[in-house]
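Chains as they are written, first to last, in the numbering used here: chain A, 1 to 376; chain B, 1001 to 1376.
Number of protein chains: 2
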Amino acid sequence: MRVYLDWAATAPRDTDILVEYARLSAEYWANPSSRHAEGRKSREFLEDARRRCAQILKVQSNQLYFTSGGTESNHLPILSLLTRPTHGSIATSILEHPSIIEQLKAMEATGWHTRVIPSTEEGHITSDAVCASLAEDTALVLVQAVNNETGAIQDTASIARALMINRNGKRKPHFHVDAVQAIGKIDFFCNEPGIDSASLSAHKIGGLPGSGLLYIAKKTEAFLRGGGQEGGLRSGTEDVAAAGALALALEKAQKGPEKIRSISSVLYSILTDIPNLHFVPSTREHLDPRFSPAIYQCAIDGIPGEVAVRMLDEAGCAVSTGSACSSRKNKRPVLEAMRINPETRQNAFRISIGETTSHEQLSFLGQALKEISRSN
Amino acid sequence: MRVYLDWAATAPRDTDILVEYARLSAEYWANPSSRHAEGRKSREFLEDARRRCAQILKVQSNQLYFTSGGTESNHLPILSLLTRPTHGSIATSILEHPSIIEQLKAMEATGWHTRVIPSTEEGHITSDAVCASLAEDTALVLVQAVNNETGAIQDTASIARALMINRNGKRKPHFHVDAVQAIGKIDFFCNEPGIDSASLSAHKIGGLPGSGLLYIAKKTEAFLRGGGQEGGLRSGTEDVAAAGALALALEKAQKGPEKIRSISSVLYSILTDIPNLHFVPSTREHLDPRFSPAIYQCAIDGIPGEVAVRMLDEAGCAVSTGSACSSRKNKRPVLEAMRINPETRQNAFRISIGETTSHEQLSFLGQALKEISRSN
């Protein structure tokens, strides 16, 4: 038996979505920028897919841009700054995904500097911390909706409201929310007042890799340019079938939060039964509203996370240490930012579930974890 | 009957490749950055796909990076300049695709300026013109392998050699070749000495949109950053199945140039039979080695290109005016750069074929063109 519990890295491919992609790809293969009948047919379908996505996300279709995935959706608002005549600063939470943290390092070479918003010990970013981090020249603020390692939910709606009032007549910075780990997992709405853009990735909700969306409340100037597709904001021939597959993935993901909440309750009970296992942060409670029910960061005393992950893999359970994107670096910057002690940091690993995770799978995990904990 | 003759915009989806994608997507769905068994399986397949691509392109696997397509593959070497401490100039042929021309306009805001390499009246870029355009501070030279509107083949191997010798001890600029319209259509090799990078797109050869390759002879510093995938050069979760589909597309495209050459000969004869139709440039000959056999730019006297395209569409033939990427702009910068007279420019349209284009399809086109020409 194999039990896949690394949904935060990617969801297992949903067969319905894959079949839909293949069907659409065979039918809407023409370039939607072409003016002939084949091209117009693709264009119509593409715009219909955009409307379906907009309906679920409760935004306007013209606020949605199809991208190559979460990384690109996070990059676009950052790169847009390069079209401005003057430089300034970018404020980012210390907990962000590498597609933001690393890109901001690259931006330093262009004259833009980073202001880091600190985390609480439980992995949360407060509105106060965001506002305290702003400088007069802060043009962009980036805070994720859900942390990919601990599941910490950030109150991006409150942060957005705080950014709207707290500036003494200064122009409000653009507020971008990385919602990659939120969509389909918790109730998250990118149309909150003050959220200027939000990113999502298809493959985290059963869709295809290489496909994502960028929500932008009010169109910004694009730095990456080309054929002018996607309203000039994202050039490159559109993958029309992937857009349709993403619309279907979003439709299916609407029931995700409820299903995940239910199975997460089971997982919490199983995990609290494992000797020497504790949550990171340790204060996490049953169905704790401050955390995504899809992600648990845990640590077993005396067993390095790397070892736990390997032992679980051998026992048939796929889990991970940090994010897949950081897996080759052996660093835990998110846990460091939370001032987690070095031993717990070293022992920490992530279990992440999805809407098809079953009781049976979690019981299997529980048995494996008990044996690992006992082996110490 | 519908006859699709707009292969330069996109190739009709190849069923074998689509079936392969679906199969691979169901099997290699895990994130290749994950360390568990599922992730390692994806990683192994991804690296195998890269080796298959490298074998066909006659390069090393570690010189190939999977990207989201031709636009991104063209962007990456340009954006890499933003990691440099000082600014300079970029020399580009005036005939390049919008993903280069428009991106260089965006680069102006960051302090990099553009030097334009002029075209001959037949749409060619000579080594002399390239060398004459260089300044001391030129860090990057961009010339396409095949023009997407006229099919003009640029002698990128000669240009590369000229760039290697003609610099009086100056550092050779990075030479990037946009090979999107070359791969699978003509014999093109990106491993020529002096070619530092080359881009290709999967959907132009029957593969999937949102998938491409960047060849880089010697790794450059990445400006776009994130999870560090693709050797740090292209971050974002890899679409493993798309990589496999691209490898298959390249394998199948190996016989493309020969098949296209053969059917192109038929098309040339049919086109020369149409009253009042002439080629753009008018000097193009039968199996002219200076042009890709896959692309013909033509004009019918007295009939605007837009009208010809619409009439052909109504008659059952899908062709286009300029590139799909420029189709909504009504401008013909490539033809202007060739000093084509305004009337011909207005009348010009593109016919582009692929390896499954048949005699029957071309006879159908010939009939439609004759009627349109007579209608004038």
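Glycine residues also receive a C-beta, built at the ideal position from the N, C-alpha and C atoms.
Please read all numbers here as calculations on a predicted model, not as lab measurements.
- Assigned exposure category for M1164(B) - 16 Cβ within 10 Å defines buried: For the purposes of this step, residue 1164(B) is taken as residue 164 along the second sequence, with counting starting at 1. With a threshold of 16 other beta carbon atoms within 10 Å, M1164(B) falls short and is exposed.
- Item | Cβ of E238(A) within 8 Å of any chain B Cβ | As a first step, residue 238(A) is located in the first sequence; it is residue number 238 there, counting from the start. So yes, E238(A) belongs to the interface.
- With DSSP run on the structure shown, which of helix, strand or coil describes R374(A)? The residue labelled residue 374(A) in the question sits at position 374 within the first sequence. Helix at R374(A).
- Message: Residues of chain A with CB closer than 7 Å to the CB of G1047(B), please, in chain order.
- Response: Along the second sequence, one-based indexing puts residue 1047(B) at 47. Note on residue identity: the sequence assigns Glu, not Gly, to residue 1047(B). Here the premise fails: no neighbours, minimum Cβ distance about 14 Å.
- Do you know offhand how far R84(A)'s Cα is from R1043(B)'s? By 1-based counting over the first sequence, the position of residue 84(A) is 84. By 1-based counting over the second sequence, the position of residue 1043(B) is 43. Computed Cα separation, rounded: 40 Å.
- Give the interface partners of D1137(B) over in chain A, defined as CB-CB distance under 8 Å, in chain order. Position 137 of the second sequence holds residue 1137(B). One finds nothing in chain A with a Cβ atom closer than 8 Å to the Cβ of D1137(B); even the nearest lies about 17 Å away.
- Task: Would you kindly report the start and end of the unbroken beta strand (DSSP E) that includes G212(A)?
- Result: Indexing the first sequence from 1 puts residue 212(A) at position 212. G212 to I216 is the span of the beta strand (DSSP E), which, as asked, contains G212(A).
- Near-chain B residues of the region 24-46 of chain A (beta-carbon distance less than 8 Å), N- to C-terminal order: S25, A26, W29, A30, N31, S33, S34, R35, H36, A37, E38 and G39
- Item | Neighbouring residues, chain B, relative to D16(A) (Cβ below 8 Å) | Position 16 of the first sequence, counting from 1, holds the residue named residue 16(A). Neighbours of D16(A) on chain B: none; closest Cβ ~12 Å, over 8 Å.
- Using the Cα positions of L1213(B) and K370(A), report the straight-line distance between them to the nearest angstrom. The sequence position of residue 1213(B) within the second sequence is 213, counting from 1. The sequence position of residue 370(A) within the first sequence is 370, counting from 1. Cα to Cα, L1213(B) sits roughly 46 Å from K370(A).
- Three-state secondary structure (DSSP) at R328(A)? Position 328 of the first sequence, counting from 1, holds the residue named residue 328(A). Residue placement at R328(A) cannot be trusted, given a pLDDT of 48 that sits under 50; what the coordinates show is reported in the next sentence. In this structure, R328(A) counts as coil in the three-state DSSP scheme.
- Taking DSSP as the reference, what is the three-state secondary structure of Q1367(B)? Counting from 1 along the second sequence, the entry for residue 1367(B) is found at position 367. Of the three classes helix, strand and coil, the one that applies to Q1367(B) here is helix, per DSSP.
- Report yes or no: is there a C-beta of chain A within less than 8 Å of the C-beta of V1177(B)? Numbered from its first residue, the second sequence carries residue 1177(B) at position 177. Taking Cβ atoms only, chain A never reaches closer than 8 Å to V1177(B), which makes this a no.
- Item | DSSP-derived helix/strand/coil call for I1270(B) | Within the second sequence, the letter at position 270 stands for residue 1270(B). Here I1270(B) sits in helix by DSSP.
- Item | Touching by the beta-carbon criterion (3+ pairs, under 8 Å), the region 68-82 of chain A and the region 145-154 of chain A | no
- Neighbour list for R1013(B) in chain A, Cβ cutoff strictly below 8 Å: For the purposes of this step, residue 1013(B) is taken as residue 13 along the second sequence, with counting starting at 1. Within chain A, the residues near R1013(B) are S25, A26 and W29.
- Query: Fully enclosed by the region 1072-1148 of chain B, which alpha helix (DSSP H) runs are 4 residues long or longer?
  - Reply: 1098-1108 and 1127-1133
- Expressed to the nearest angstrom, what Euclidean distance is found between the alpha-carbon atoms of F368(A) and I125(A)? Taking the first residue of the first sequence as position 1, residue 368(A) is located at position 368. Taking the first residue of the first sequence as position 1, residue 125(A) is located at position 125. Correcting the residue identity first, residue 368(A) is Ala in this sequence and not Phe. One Cα belongs to A368(A), the other to I125(A), and the distance between them is close to 34 Å.
- Query: Thinking C-alpha only, which one of A1009(B), M1001(B), L1365(B) and R1002(B) is nearest G227(A)?
  - Reply: On the first sequence, residue 227(A) is found 227 positions in, with the first residue counted as 1. Nearest of A1009(B), M1001(B), L1365(B) and R1002(B) to G227(A), Cα basis: A1009(B).
- Query: Ends of the alpha helix (DSSP H) at R43(A)?
  - Reply: Within the first sequence, the letter at position 43 stands for residue 43(A). Looking at the DSSP string, the run of the alpha helix (DSSP H) that includes R43(A) is A37 to L57.
- Task: Consider the Cβ of P209(A): report whether some Cβ of chain B lies at a distance smaller than 8 Å.
- Result: Sequence index remark: in the first sequence, residue 209(A) carries index 209 (1-based). With 8 Å as the cut-off, P209(A) counts as an interface residue toward chain B.
- Query: To the nearest angstrom, how far is it from the Cα of R328(A) to the Cα of E306(A)?
  - Reply: Residue numbering aside, residue 328(A) sits at position 328 when the first sequence is read from its first letter. Residue numbering aside, residue 306(A) sits at position 306 when the first sequence is read from its first letter. Legend: pLDDT at R328(A) = 48, less than 50; position of this residue unreliable, value from coordinates given subsequently. Straight-line Cα distance between these residues: approximately 11 Å.
- Under 8 Å between the Cβ atoms of D1137(B) and G1194(B)? As a first step, residue 1137(B) must be located in the second sequence, where it is residue number 137. As a first step, residue 1194(B) must be located in the second sequence, where it is residue number 194. In this structure, D1137(B) sits away from G1194(B), with a CB-CB distance that is not shorter than 8 Å.
- Distance, Cα to Cα, S1119(B) vs T321(A)? By one-based count along the second sequence, residue 1119(B) stands at place 119. By one-based count along the first sequence, residue 321(A) stands at place 321. When rounded, the distance between both Cα atoms is 55 Å.
- Message: With H, G and I counted as helix, E and B as strand and the rest as coil, what does DSSP make of H359(A)?
- Response: Looking up residue 359(A) in the first sequence gives position 359. Helix.
- R350(A): first and last residue of the uninterrupted beta strand (DSSP E) it sits in: Sequence index remark: in the first sequence, residue 350(A) carries index 350 (1-based). First-last of the beta strand (DSSP E) with R350(A): A348 to S352.
- Classify S1061(B) as helix, strand or coil using the three-state DSSP reduction. As a first step, residue 1061(B) must be located in the second sequence, where it is residue number 61. DSSP, read as helix, strand or coil, puts S1061(B) in helix.
- List the residues of chain B that Q103(A) touches, going by C-beta distances under 9 Å, in chain order. The residue given as residue 103(A) occupies position 103 in the first sequence. Under the 9 Å cutoff, chain B gives F1223, L1224, R1225, G1226 and S1235.
- Message: Between the alpha carbons of T1015(B) and S1265(B), how many angstroms are there, rounded?
- Response: Translated into positions along the second sequence, residue 1015(B) becomes position 15. Translated into positions along the second sequence, residue 1265(B) becomes position 265. Going from the Cα of T1015(B) to the Cα of S1265(B) covers about 26 Å.
- Beta-bridge partners of D1178(B), as assigned by DSSP: Locating residue 1178(B) in the second sequence gives position 178, where the first residue counts as 1. Its beta-bridge partners are Q1144(B) and S1199(B).
- Message: Using only CA atoms, which one of G1210(B), A1145(B), G1169(B) and F1175(B) lies nearest to I1396(B)?
- Response: No statement about residue 1396(B) is possible, as the shown extent of chain B runs from 1001 to 1376 and does not include it.
- Item | Distance, A1026(B) Cα to V180(A) Cα | Taking the first sequence and counting its residues from 1, the one referred to as residue 180(A) is at position 180. Taking the second sequence and counting its residues from 1, the one referred to as residue 1026(B) is at position 26. Distance between the alpha carbons of V180(A) and A1026(B) is about 22 Å.
- Name the one or two DSSP bridge partners that A1152(B) has. One-based indexing of the second sequence puts residue 1152(B) at position 152. For A1152(B), which the question treats as bridged, DSSP gives the partners F1291(B).
- Message: To be precise: take each residue of the region 1052-1071 of chain B, compare its Cβ to all Cβ atoms of chain A, and keep it if any distance is under 8 Å. Which residues remain?
- Response: S1068, G1069, G1070 and T1071
- Quick one: which chain B residues come within Cβ less than 9 Å of H203(A)? Start at 1 with the first residue of the first sequence, and residue 203(A) comes out as number 203. Here the neighbours are W1029, N1031, T1237 and D1239.
- Message: Counting only C-beta atoms, is P98(A) closer than 8 Å to chain B at any point?
- Response: Along the first sequence, read from residue 1 onward, the residue named residue 98(A) stands at position 98. Yes, contact with chain B.
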